[in-house]
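Since the structure comes first, as structure tokens, the remarks are kept for the end.
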Amino acid sequence: MKPDSAIDSPATPSPSARRLEVVSWGALWVLLAGCLAGAATFDPASWPSLAGDEATYLMAAESLAFDFDLRYEIEDHERLRELVESRGGGPESLIVQSTDGGATLRYSKPPHYPLAVAPWVRFAGHRGAVVFNALLLVVVLLATAWALRSWIGWRAPCYVLVAAFVGVLPLQVLWLHSDLLLLACVALAYAPLVRAASGRRDSATSLFADATAGALLAVVITARPFYLPLLLPLLPLLAPPAGGGRWRLRALALGLGLLFTALAVVGLQQALLGSWSSYAAPRITVGSADPLPDAAAWTAQIEARGSNSWTGTQSLPFGFDLAETRWNVLYLFLGRHVGLFPYFAGALLLGLLAMRGDRVGWCLAAAFVVVAAAFLVVRPFNFWGGGGALANRYLLPALPALWFMARRPIHPAWLLAIAAVAAPFLWPAWTQPRSFLLTEQGTYRFASPLAARLLPYETTQSHLKPSGGEDFVLAGDGGDGGDDLWAKPLSRAVRPRRQGDANSPVDSLVIDPTVGVARLLVASPRPIAGFSLAASGGSGRRVSVRNGGVRARHRMWWSAERLSLYELDLGAALAELDDPSAREFELSWRLARR
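My numbering puts the first residue of the sequence shown at 381, with every later residue one more than the last.
Shown next, in the form of structure tokens:
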């Protein structure tokens, strides 16, 4: 398991290797300094709103910083309203839980990240949390390079540059989510063990380092039990010959660190949240524009929307489905917005190309795969982290497994090739690193035009909102014209024209091609032979809508029945209609003959 003899030993590097190492370390430090400077000068008020779960994490950190608890009370609700007013944006919402029928509300997110950033939020507000994230990233990447240096010498900083910066990982610094903290815990747990496995006999092999590694992994697992497979690489990392003659003692130290920290964190969560996990109790959404919910409002929302507990039976409402899983595997790697290849190409490709085929390497690969599979099975309709996520944030804590797989030297040309292949997909992220998640057209800013053209839209993912609006239902006639269709606009160029209740089916669409590409995703329980578009109140002329046939067929988050999905190019049909004055249109469809 020791490094190849062909690698320049870090202890006695050749003059050329020493020069290359200075250059590679210098490049890494320059980019890390840029991250710190970008975080320190970032103005959170420049973004129109928070995104996803940011409001929950930020308000939880403020509650700990100012109230020393995680209860959501009237003071917290007023702070949320003040935040919205100070930013001048729209209303924000957050997630709370209760174990006593709504009498006591608590923030429903793992307390690990709010506890870590609370001091920074106390003295520097939102920006303080961003600076904390940047410092965390710096420490993690330096520790990773330090560990890999024992295996690949001067190449280590280059590997870290590619693994981290050929992807959207640095952009995560600006987002207030727990995933970067969990990634840091995994990387800092693995780093001394990976270094020790190279045969280096230094302080990294101390029992304290082993116990600390166990404690850090316990923090990650108690935040989300999905990450339990990340323990798998510990077996070969501690076993002979890596563990030496003391491997049993080292394993005991790591196990005790893991056990006692897990018990302490579970106890802390029970004290702060009223339940052993932030995902175990019934949960509801609270909006800044709404009054603080009382027990009656809590009960009403639970009855209307369910408990949203990850440990309830609704977490697997329809059981495992092979067809859906096949699509999810495709989206996991090549999805337009959540794919590993377009947004974490450096870590993925470097891990595969430079993988060392020993027991450690295979266990690291297995750990990553099993974590990903767990999310695909348990969270099939949201395996990436929700609408406020920057690519797949749920897999961020598993990325160090890919980093430490890369313990074999490869030619530097491969590193340049990885960056070149990924560049067209990462160009928006590289050139606009501090821009808000959504563009003015409602599309995800980090998704490049090339991704929109070449990569499939993730039809299984309920939380994707590329238009910034909600899904809706198109009214059908129930006859040969077909049933009602579920619809999701893929940009702000398309929206429903509502006349009644917000949940009632709509008869027509408002289409404005000047706002963006007019595309619509629809789902039908029965196959559709064709679609046509006509201007509302116009001449009655209809034109065919290109759709390319069935785009996918699988279950959806509201139906156990497999539905046929079609991606409609309304822009081309609009051009064929050639009616510049028209803004409202009627979409019709015809069922296929059985």
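Even glycine gets a Cβ: it sits at the ideal position worked out from N, Cα and C.
- Task: With 8 Å as the threshold, decide whether the Cβ of Ala855 is near any Cβ in chain D.
- Result: Absent from the structure: chain D. Only one protein chain is present.
- Message: According to DSSP, simplified to helix, strand and coil, what is Leu556?
- Response: DSSP, reduced to helix, strand and coil, places Leu556 outside both helices and strands of the structure shown, so it counts as coil.
- Message: So if DSSP puts Gly667 in a beta bridge, which residue, or which two residues, is it bridged to?
- Response: For Gly667, DSSP records a beta bridge to Ser473.
- Is the stretch 953 to 970 touching the stretch 908 to 927 in the sense that three or more CB pairs, one from each, lie closer than 8 Å? The stretch 908 to 927 makes contact with the stretch 953 to 970: 3 or more CB pairs, one atom from each, lie closer than 8 Å.
- Query: Helix, strand or coil: which one does DSSP assign to Ser466?
  - Reply: Here Ser466 sits in helix by DSSP.
- Message: Counting beta carbon pairs with one atom in the stretch 641 to 657 and one in the stretch 608 to 617, are three or more of them shorter than 8 Å?
- Response: In short, these stretches do not touch, since the Cβ pair count stays below three.
- Where the alpha helix (DSSP H) through Pro876 begins and ends: Here Pro876 belongs to no alpha helix (DSSP H); instead the beta strand (DSSP E) covers 874 to 877.
- Who are the Cβ neighbours of Ala523 in its own chain at under 8 Å, not counting the five residues just before and after it? These residues qualify, in order along the chain: Ala567, Leu568, Ala571.
- Query: Looking only at its own chain, which residues have a Cβ that is under 7 Å from the Cβ of Ala873, when we skip the five neighbours before and after it?
  - Reply: Closer than 7 Å at the Cβ level, and outside the excluded window around Ala873, lie Ile891, Asp892, Pro893, Val895, Gly896, Val897, Ala898.
- Query: Going by the CB atoms, is the gap between Val740 and Pro613 shorter than 8 Å?
  - Reply: Yes.
- Could you please give the first and the last residue of the uninterrupted alpha helix (DSSP H) stretch that includes Pro780? From DSSP, the alpha helix (DSSP H) with Pro780 extends over 779 to 785.
- Task: Closer than 7 Å by C-beta to His492: which residues in its own chain qualify, once you throw out the five before and the five after it? Chain order, please.
- Result: Closer than 7 Å at Cβ, skipping near neighbours: Ser558, Leu561, Val599, Ala603.
- Message: Is it buried or exposed, Phe805, if we count other Cβ atoms within 10 angstroms and call 16 or more buried?
- Response: Flag for Phe805 reads buried.
- Item | Cβ pair Ser842, Gly822 closer than 8 Å | Not closer than 8 Å, so no.
- Query: What whole-angstrom Cβ distance do Leu712 and Leu835 have, given they're in contact under 8 Å?
  - Reply: Not quite, the Cβ-Cβ distance comes to about 12 Å (not below 8 Å), so this is no contact.
- Query: Can you list, in chain order, the residues of its chain whose CB lies under 7 Å from that of Phe748, leaving out five sequence neighbours each side?
  - Reply: Cβ neighbours of Phe748 within its own chain (closer than 7 Å, five residues either side excluded): Ala778, Ala781, Leu782.
- Message: To the nearest angstrom, how far is the alpha carbon of Trp627 from that of Ser394?
- Response: Between Trp627 and Ser394, the C-alpha separation is close to 33 Å.
- Message: Using 8 Å as the threshold, is the C-beta distance between Leu516 and Phe422 below it?
- Response: Not a contact, by the Cβ cut-off of 8 Å.
- Message: Between the alpha carbons of Ile1013 and Thr592, how many angstroms are there, rounded?
- Response: Residue 1013 falls outside the range modelled here, since the chain spans only 381 to 974, and no answer is possible.
- Query: Which of helix, strand or coil does DSSP assign to Tyr723?
  - Reply: Helix, per DSSP.
- Same chain only: Cβ atoms within 8 Å of Ser871, ignoring 5 sequence neighbours per side: Apart from sequence neighbours up to five positions away, the residues of its chain that approach Ser871 with a beta-carbon distance below 8 Å are Gln821, Gly822, Thr823, Pro846, Ser847, Val895, Gly896, Val897, Ala898, Arg899, ordered along the chain.
- Along the beta strand (DSSP E) that carries Trp531, what are the first and last residues, could you check? Where Trp531 is concerned, there is no enclosing beta strand (DSSP E), although the alpha helix (DSSP H) it sits in stretches over 492 to 532.
- Query: Considering Trp938, what are the terminal residues of the alpha helix (DSSP H) in which it resides?
  - Reply: Annotation: Trp938 is outside any alpha helix (DSSP H) and is labelled neither H nor E by DSSP.
- Separation of Gly637 from Ala589, as counted between CA atoms: Distance from the CA of Ala589 to the CA of Gly637, rounded to the nearest whole angstrom, comes to 10 Å.
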